[in-house]
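Okay, so the sequence shown: first residue is 1268 according to the working numbering, each after it adds one. Since the structure comes first, as structure tokens, the remarks are kept for the end.
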Amino acid sequence: MSEKPALARFGYGFGRTSAHSARTLMFDEIVALLDRLPETASRTDYAREVIEHNALGKATQKSRELTLRHLIVLYGLAPELPLFRNFRRLWRQDETARPVLALTLALVRDPLLRSSQGFILGQPLGAPIRRADLEQFLVDNHPDRFSSASVKSIAENL
1268 MSEKPALARF GYGFGRTSAH SARTLMFDEI VALLDRLPET ASRTDYAREV IEHNALGKAT
1328 QKSRELTLRH LIVLYGLAPE LPLFRNFRRL WRQDETARPV LALTLALVRD PLLRSSQGFI
1388 LGQPLGAPIR RADLEQFLVD NHPDRFSSAS VKSIAENL
């Protein structure tokens, strides 16, 4: 029996959807959004802030919708997901820990980011990660999945 359904209920992401095919961790956006809403906010509340109130200052309706979709892929934005609920609880504990918290949640939610973790951690400490090396990793580990333009974009975002 697969553990995926149980893990998905906690908030893990599986499948082929990845915010990193178009965006980065969107750290500034998640900070702005979480600063605007209480810990008990629902996904509907987050959507209202992003779409109706344009809390993230996006120029178009389409940009607001895409931003919300990517934030949901990365972070869940739903208190019924235990991982997001704990992320929200920890978020207010230590502001300096927020980047690590965001990365940790994004790693369990975004399969493409998670698949690159071993490659990135395998690089020498402090050494820059070359985009070309990450592109090759993506091509090797996801053959025939992405166009060359997508591979370049994903590598830059990761």
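Note that the Cβ used here is the ideal one computed from N, Cα and C, for glycine as well. These numbers come from a predicted model, not from an experiment.
Leaving out five residues on either side along the sequence, give the residues of the same chain with a beta carbon under 7 Å from the beta carbon of residue 1316. To locate residue 1316, count along the sequence shown from 1; it is residue 49. Listed in chain order, the non-local C-beta contacts of residue 1316 below 7 Å within the same chain comprise 1300, 1303, 1304 and 1322, local neighbours out to five positions each way being set aside.
Out of 1399, 1421, 1368 and 1351, which has the shortest C-alpha to C-alpha gap to residue 1309? Against the sequence shown, residue 1309 aligns to sequence position 42. Among 1399, 1421, 1368 and 1351, the Cα nearest to that of residue 1309 is on 1351.
Assuming the contact rule is C-beta atoms closer than 8 Å, residue 1340 and residue 1377 should be a hit. Round their C-beta distance to whole Å, please. Counting from one through the sequence shown, the residue named residue 1340 turns up at place 73. Counting from one through the sequence shown, the residue named residue 1377 turns up at place 110. So it is a contact: roughly 6 Å between Cβ atoms.
What are the start and end residues of the alpha helix (DSSP H) that includes residue 1311? Reading the sequence shown from its first residue, position 44 is the one you call residue 1311. Where residue 1311 is concerned, the enclosing alpha helix (DSSP H) stretches over 1310-1314.
Enumerate in chain order the residues of its own chain whose CB-to-CB distance from residue 1293 is below 8 Å, with the five nearest sequence positions on each side excluded. Along the sequence shown, one-based indexing puts residue 1293 at 26. Cβ neighbours of residue 1293 beyond the five flanking positions: 1286, 1334, 1337, 1338 and 1341.
Do residue 1422 and residue 1402 have their C-beta atoms closer together than 8 Å? Position 155 of the sequence shown, counting from 1, holds the residue named residue 1422. Position 135 of the sequence shown, counting from 1, holds the residue named residue 1402. With respect to the 8 Å criterion, residue 1422 and residue 1402 are classified as neighbours on the basis of their beta carbons.
Compute the distance between the beta-carbons of residue 1374 and residue 1365, then report whether it is under 8 Å. Within the sequence shown, residue 1374 is the residue found at index 107, counting from 1. Within the sequence shown, residue 1365 is the residue found at index 98, counting from 1. At the C-beta level, residue 1374 and residue 1365 stay beyond 8 Å of one another.
Could you tell me the alpha carbon to alpha carbon distance between residue 1357 and residue 1372, rounded to whole angstroms? For the purposes of this step, residue 1357 is taken as residue 90 along the sequence shown, with counting starting at 1. For the purposes of this step, residue 1372 is taken as residue 105 along the sequence shown, with counting starting at 1. If you take the alpha carbons of residue 1357 and residue 1372, they lie about 11 Å apart.
Buried or exposed for residue 1414, please, with buried defined as at least 16 other CB atoms from any protein chain shown within 10 angstroms of its CB. Translated into positions along the sequence shown, residue 1414 becomes position 147. Taking every protein chain shown into account, the CB of residue 1414 has fewer than 16 other CB atoms within 10 angstroms, so this residue is exposed.
Taking C-alpha atoms, which residue in 1369, 1398 and 1411 lies nearest to residue 1298? Within the sequence shown, residue 1298 is the residue found at index 31, counting from 1. Ranked by how close their Cα comes to the Cα of residue 1298, the residues 1369, 1398 and 1411 have 1369 in first place.
7 Å CB neighbourhood of residue 1325 in its chain, flanking five on each side removed: Working through the sequence shown from its first residue, we reach residue 1325 at position 58. Sequence-distant partners of residue 1325 (beyond 5 residues in either direction) whose C-beta falls short of 7 Å from its own C-beta, in its chain, are 1331 and 1334.
Starting from the C-beta of residue 1307, find all residues in its chain whose C-beta is less than 8 Å away, skip the five residues before and the five after it, and write them out in chain order. Along the sequence shown, read from residue 1 onward, the residue named residue 1307 stands at position 40. Excluding residues up to 5 positions away in sequence, 1346 lie with their Cβ nearer than 8 Å to the Cβ of residue 1307 in the same chain.
Let me check understanding here. Comparing Cα to Cα, which of 1398, 1311 and 1329 lies closest to residue 1419? By one-based count along the sequence shown, residue 1419 stands at place 152. Closest in C-alpha terms to residue 1419, from the list 1398, 1311 and 1329, comes 1398.
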